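Student: Before I ask anything, here is the structure I am working with.
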Amino acid sequence: MVILLGFLLIGCSAKDGMDGATGPQGPQGEQGEQGEDGNANVIASSWIPEEFVDIAVSASNFTVTDEAFTSEILNSGTVLVYGRDGEFVVPIPVVLNNQTYFFVLPETLGEILFVARTVDDTADFFDLFTDFRYVIIPASNTSAREGERNDFNKMTYYEVMDHFDLAY
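Residues in the sequence shown are numbered consecutively from 1, following full-length UniProt numbering.
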């Protein structure tokens with residue numbers, strides 16, 4: 001009898017029986033806190049007319065004030081700058097012909113400095129670009145999305161604007 005009972009217990013499995021009825025739906029959980037829009041903190045400036053001097057020099061610069069240039073942005077955010085000649089949009093820094101254009105974020109905070117210099121220190125007019133624009137991306141927006149990290153420096157201006165759903 002014990003041997004027969006042992007065979008019965010060993011021969012049966014949970015899959016051999018029928019499933020029971022589904023239990024009632026549990027109560028609805030509490031609503032979670034509303035998350036922040038992933039692009040809410042991305043800032044795109046308007047197009048800023050260039051203000052380089054109107055005489056031939058080897059270097060020129062101009063400053064734009066914006067409180068969005070915080071220590072957090074300087075330490076962990078991303079700042080992209082673009083120059084436009086009326087038709088084409090070019091990422092800055094760039095070297096074109098004998099001119100180099102770049103930007104500086106001073107430690108004084110709240111400013112961006114646009115700089116133009118000739119490569120060989122000869123005098124020239126810095127009129128390749130009619131205006132400039134910057135995009136400030138806080139560190140929270142540069143983290144991995146969908147398993148990939150975005151390298152905004154490898155994206156075109158239009159890809160960055162489309163990525164953050166910003167107007168051109």
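By construction, the Cβ of each residue, glycine as well, lies at the ideal position given by its N, Cα and C atoms. Note that the structure is predicted; figures quoted are calculated from it, not measured.
Grab the span of the beta strand (DSSP E) containing Met-131 for me, first residue to last.
Tutor: The sequence position of residue 131 within the sequence shown is 131, counting from 1. The displayed chain sequence assigns Asp, not Met, to residue 131. It spans 131-137 - the beta strand (DSSP E) in which Asp-131 sits, taken as one unbroken run.
Student: Taking 8 angstroms as the limit between beta carbons, can you name the residues of its chain near Asp-124, skipping five residues before and five after?
Tutor: By 1-based counting over the sequence shown, the position of residue 124 is 124. These residues qualify, in order along the chain: Ala-56, Val-57, Ser-58, Asn-98, Gln-99, Thr-118.
Student: Look up Phe-103 in the DSSP assignment and give the residues it is bridged to.
Tutor: For the purposes of this step, residue 103 is taken as the residue at position 103 of the sequence shown. DSSP output for Phe-103 lists Phe-114 as bridge partner(s).
Student: Would you kindly work out how many angstroms separate the C-alpha atoms of residue 169 and Phe-114, rounded to a whole number?
Tutor: An answer regarding residue 169 cannot be provided, because it is not within the stretch 1 to 168 covered by the chain.
Student: Could you check whether the Cβ of Pro-24 sits closer than 8 angstroms to any Cβ belonging to chain C?
Tutor: Given the protein chain composition of this structure (a single chain), no chain C is represented.
Student: Could you pull the DSSP bridge partners for Ser-60 from this structure?
Tutor: Along the sequence shown, read from residue 1 onward, the residue named residue 60 stands at position 60. Ser-60 is bridged to Ala-116.
Student: Does DSSP classify Asp-124 as helix, strand or coil?
Tutor: Within the sequence shown, residue 124 is the residue found at index 124, counting from 1. Correct three-state label for Asp-124: strand.
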